[in-house]
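Basically my numbering = 1-based index in the sequence shown + 25. Just below is one structure, and these are the notes that go with it.
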Amino acid sequence: MTRLTNKVAVITGGNSGIGFATASLFIAEGARVLIVGRRRDAVDEAVNRLGRQATGLTGDIADLTTHERVAAFIEERFGRADIYVANAGGIRIQQSADVAPGDYDAQFSANARGTFFGVQKITPLLREGGAILLTSSIATHKVLDGHAVYAGSKAAIEAFARNWALEFKDRRIRVNVLSPGPTNTPILEKLGLSPDARPEVEEQAARMIPFGRIGDAEDLARAALFLCSDESAFITGVNLAVDGGITLI
Ligand SMILES: NC(=O)c1ccc[n+]([C@@H]2O[C@H](COP(=O)([O-])OP(=O)(O)OC[C@H]3O[C@@H](n4cnc5c(N)ncnc54)[C@H](OP(=O)(O)O)[C@@H]3O)[C@@H](O)[C@H]2O)c1
26 MTRLTNKVAV ITGGNSGIGF ATASLFIAEG ARVLIVGRRR DAVDEAVNRL GRQATGLTGD
86 IADLTTHERV AAFIEERFGR ADIYVANAGG IRIQQSADVA PGDYDAQFSA NARGTFFGVQ
146 KITPLLREGG AILLTSSIAT HKVLDGHAVY AGSKAAIEAF ARNWALEFKD RRIRVNVLSP
206 GPTNTPILEK LGLSPDARPE VEEQAARMIP FGRIGDAEDL ARAALFLCSD ESAFITGVNL
266 AVDGGITLI
């Protein structure tokens, strides 16, 4: 497949879940991909699995020097990039009464601030006609228990996207948002869910979803491909929910 032939894509959080599936699909479509993740071993393993069209960098997106290193790497290795997928993000489920300032700052620093400055640093290196894809969540529209801070941090991303869609239009850089519903990725274990408890949680979530199942990382990757390829050449500033219809109810 050739929808991304000769394109260079940067995918934050590309070592796991939705980001990994997206990296894999983009490479299958002809792209060269730089993945950025926190854990060196996970990034190395992902690059091995993705093959020679992939390279990896480690860094925390909440640390702004990470974005400077990513930009410097892109400039040196590729000169320019075509696609930036700001996918990395984190969640802590808590009732608002239990949220300490540090919990709040951690989610806003990674999800909102990390996305903002990642885009700020990479945009000068994006080719005309490039695409930026930000990752939000259906939690910004559907109230989910214990999600207030996470939802707020993701809502900021949606506002950034609408502003950037117009700010970057003269360089024909499109900016869109992908909002996953409940999706089968390692994020659940990172929330402390044991592998034994996982099937029951997935079943509960599936019962809430009109399509009767939770999403797969590949469902999101296919939507990301659409929004980052020329198939969506006339689309900017949209927020695409990929959620089996859960936001409708
Ligand atoms: N899965 C869902 O149900 C769901 C629903 C709505 C929205 N989302 C969003 O979708 C995106 C991808 O999540 P996922 O489900 O694929 O989860 P995942 O498998 O846990 O992947 C998240 C990726 O982001 C990276 N990451 C997290 N915080 C980071 C930081 N501060 N700096 C650098 N990298 C960081 C992780 O690195 P490590 O592996 O090193 O932690 C990992 O590579 C996230 O933005 C998430 O909020 C997911």
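For each residue, glycine too, the CB sits at the ideal point set by N, CA and C.
Secondary structure of residue 124 (DSSP, three-state): coil.
Apart from sequence neighbours up to five positions away, the residues of its chain that approach residue 243 with a beta-carbon distance below 7 Å are 46, ordered along the chain. For residue 210 and residue 35, the gap between their C-alpha atoms comes out near 20 Å.
Contact check for residue 207 against residue 155 fails: the beta carbons are separated by 8 Å or more. The segment 116 to 190 contains, as complete beta strand (DSSP E) runs of 3+ residues, the segments 151 to 160 (chain order). Here residue 163 is near residue 266, since their CB atoms are less than 8 Å apart. Between the segment 132 to 145 and the segment 86 to 96, the count of Cβ pairs shorter than 8 Å is three or higher; the stretches touch. Taking the Cβ of residue 107 as the reference point, every heavy atom of ligand 1 lies at 7 Å or farther away. Taking 8 Å as the cut-off, the beta carbon of residue 26 is found closer than this to the beta carbon of residue 54.
Ranking 150, 270, 94 and 120 by CA distance to the CA of residue 108 puts 150 first. Distance from the CA atom of residue 259 to the CA atom of residue 100, rounded to whole angstroms, is 28 Å.
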